[in-house]
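Step one of this worksheet: look at the structure below.
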Amino acid sequence: MYAVGIDIGSTVTKGVLMTDGIVTGTHRLPTGWSPRETGRRVLADLLARHQVCPGEVQQIVATGYGRQTMEEAHRKITEITCHARGAYHINAAVRTVLDIGGQDSKVVRLGDRGQVVDFIMNDKCAAGTGRFLQVMATQMEVDVSQLEELAAEAKPVQLNNMCTVFAESEVVGLLASGASKASIAAGLLTSVASKICTQAQRVGVVEDVFFSGGLAEIGYLKKVIQEKLGVPVHQSHLAQYTGAIGAALSGMASLEPAGKEQ
Amino acid sequence: MNRPAMMEKIEELRGINSVKIKEASEAGRKIVGMYCVFSPQEIALAAGAIPVSLCGTSNDPVEAAEKELPRNLCPLIKSSYGFAITDKCPYFYFSDILLAETTCDGKKKMYELMGKLKPMHLMNLPQTADGEENLALWKNEMVRFKSYLEDTLKVDITEDKLKEAIKLVNREREAMKRLHQLNAHKPAPLTGMDMMKAQWIKGFNVDKEDGIEMVEQLIREVEENMDALKTAMGQEGPRILLTGVPVGIGSDKVIRLIEEGGGRVVALENCTGYKGLDVLVDETKEPLQALAEKYLSTPCSCMYDNQGRLDLIARMAAEYQVDGVLDLTWQACHTYNIESFFVRDFVREELGLPFIQIETDYSESDAGQLKLRIDAFLETIDTKA
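Chains as they are written, first to last, in UniProt numbering: chain A, 1 to 262; chain B, 1 to 385.
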């Protein structure tokens, strides 16, 4: 039997198919304007691609900001719990998860059994998240995916504003004063890394540290975070699916006899 | 039975009290409006006046207040001031005298503006509650407030009247205390939302005797139907102790989110809940001295330092068998915000309980974000079981 985890994020919806504790399939789509529709599509595509009938799926668990919209889900669990479970599954030595997504950033501290012992997340604004980088990249007429390449050899400029609105004017000012796109790109990535490091220091950094979420794919961020925290930061090719894996695991756990999970 | 029938009557008090205050004012009674748990209502009662709480828990008047006050200020201060300048609070409207106190800087400076609207007396609260010199200072503030009321209202506040007022307010405290302690039962017979309402409404009661009688009736009803109420609550989720800033109707978003998420707020440590009920006024001592001692013992974050709050949290966490502690901070409330660091360490290290701090305002703009945090906090507790 299968369990499915669907993580409906603000930017990307991720789906994971699991059986016997092993990830057997993944799928993702841009969330777009309708989290409900996209959640449904990711589920349908995921099952179709792996030739799994809906009847073979015992539990569907939704997480992410759009979780409440998913009618097909048997359970809805917050992405904080799911990120902890997912990261612990990928690497049982993980005690701190750094997650930077499309519109929020969070740090989750795990206990010895992979349970959440503390977490911190950004306030209502999108400072230091994927959205922040997107807005700034647009300002410089480049794509977010190009920022890393641009930044690679440059010396980062100091950006003083973390607020997306203020930072946008700051970038305009920097461009006007002749700063290179490359140094601004490096500055932007560095400021996003600084933000998550400050959050991490508030809850306390305990090794191993795992970097998840959409921005975990940006190697430059990982490098700066490692420098700032002074500890190695672990990664996985499944990093973006961490929440969805945690959701699917929660589905499997709830299939087990009561009490076993404890 | 899902909910005691008396709760509806208590909710109706909101409308009834605003009519009663008008009638009392028109009948020539003097009304002393106050904002804070440090305000010695007994002295106003002994002067034959009616002490009432003033409105400050709704988001509606915040916008009006922001025309004069900075936006980056605690919502309680903005709401209080907004109510005052827009005449939306009947208790403020009918108040003859306002009693202010030097708790936090924000309130203190807001009172300076508010003092232009109505006669105001300011009590100078010391910065720390320890030491004989601070008690002496605060005792002198009791004397000054008494003299102010005597001069302004042309009355004589006798020792007997003070003693009588002390007994009355002590009786009210004892009733509210017994009501609060009902939720020490496991499962708790009342929702945290109902408990908050019943506790909060007391400040607006024009007739204290009537208010006490209603609370006694509510307690009786809950006790007589304890089993039915417990059954109706079904399987109880995590039991939460709420500490931090005051909460009333209109600023109850966090209680709502906890209970919608399957948790139950069983203990309200804040000053709109249990904090002011814990210690009674000593009826055997000289009245003003006894009042000074009681009020100065209030464990508020405006004090340097505030160990009493940690002690109270520890005591309540055990008595109410709580599974987690939520510390609520209003945005720009520096004292509670900074103190949260101590509370977090204390709750985690000393009590071994899950802890979360929520910083927010009265608006609904962050309800989605808060729901995520609170749900995740409740999930954390579930997995610990």
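For every residue, glycine included, the Cβ atom is placed at its ideal position computed from N, Cα and C. Just so we're clear, the structure is a prediction, and the values are computed from it rather than from any experiment.
- L117/B sits in coil when the DSSP states are folded into three classes, being neither helix nor strand.
- Contact between A100/B and Y91/B does not hold, since the beta-carbon distance rounds to 15 Å and is not under 8 Å.
- Below the 8 Å Cβ cutoff, chain A contributes I77, T78, I80, T81, V116 as neighbours of E379/B, in chain order.
- In the three-state reduction of the DSSP assignment, F211/A falls in the strand class, which pools E and B.
- In the three-state DSSP reduction, A100/B falls in the strand class (E or B).
- H27/A sits in a strand when the DSSP states are folded into three classes.
- L73/B is a Cβ neighbour of G106/B, given a cutoff of 8 Å.
- Chain B has no Cβ within less than 8 Å of the Cβ of M162/A.
- Counting the other Cβ atoms within 10 Å of the Cβ of V172/A gives fewer than 16, which makes it exposed.
- For A176/A, the three-state secondary structure derived from DSSP is helix.
- For secondary structure counted as the alpha helix (DSSP H) over 4 or more consecutive residues, the region 30-112 of chain B holds these complete runs in sequence order: 41-46, 62-65, 75-86, 90-94.
- For Q357/B, the enclosing beta strand (DSSP E) starts and ends at 355-360.
- A straight line joining the alpha-carbon of V245/B with that of T329/B spans about 6 Å.
- Taking C-beta separations shorter than 7 Å and ignoring five residues to either side along the sequence, the partners of E269/B in its chain run L241, L242, T243, K275, L312, I313, M316, following chain order.
- With a 10 Å radius around the Cβ and a threshold of 16 neighbouring Cβ atoms, C53/A comes out exposed.
- The Cβ-Cβ distance between G324/B and I255/B does not fall below 8 Å.
- Distance from the CA of E26/B to the CA of F346/B, rounded to the nearest whole angstrom, comes to 51 Å.
- Secondary structure of M18/A (DSSP, three-state): strand.
- Take F377/B, set aside five residues on each side of it, and the residues of its chain with a beta-carbon closer than 6 Å to its own are I356, in chain order.
- Per DSSP, reduced to three states, the secondary structure at S25/B is helical.
- Non-local C-beta neighbours of F38/B in its own chain, meaning closer than 8 Å and more than five positions away in sequence, comprise E101, T103, M123, L125, Y295, T298, C300, ordered along the chain.
- Where F204/B is concerned, there is no enclosing beta strand (DSSP E), because DSSP gives it neither an H nor an E.
- Contact annotation, L221/A with L215/A: C-beta distance approximately 6 Å; criterion of less than 8 Å satisfied.
- In this structure, the straight-line span from the alpha carbon of T198/A to that of T242/A is close to 22 Å.
- Taking a Cβ-Cβ cut-off of 7 Å, the neighbours of F119/A in chain B comprise A376, given in sequence order.
- Runs of the beta strand (DSSP E) lying entirely within the region 217-260 of chain B and spanning at least 3 residues, in chain order: 239-244.
- Looking only at H89/A, R131/A, V157/A, G213/A, the smallest Cα-Cα distance to G21/A is reached by H89/A.
- Counting every other CB atom within 10 Å of its CB across the protein chains shown gives D118/A a total of 16 or more, marking it as buried.
- With distances taken between CA atoms, S236/A lies nearest to S212/A out of D143/A, N160/A, I196/A, S212/A.
- Using a Cβ-Cβ cut-off of 8 Å, R373/B counts as an interface residue toward chain A, since at least one Cβ of chain A sits closer than that to its own.
- Under the three-state reduction of DSSP, M123/B is assigned to strand.
- For S183/A, the uninterrupted alpha helix (DSSP H) run begins and ends at 181-203, by DSSP.
- Residues I8, T13, L29, P30, T31, G32, G66 of the same chain have their beta carbon placed closer than 8 Å to that of T38/A, with the five preceding and five following residues left out of the count.
- Of the candidates E293/B, E11/B, G15/B, L372/B, E293/B places its Cα closest to the Cα of E133/B.
- In this model, A332/B and L69/B are separated by some 13 Å (Cα to Cα).
- Counting the other CB atoms within 10 Å of its CB gives N205/B a total of 16 or more, which places it among the buried residues.
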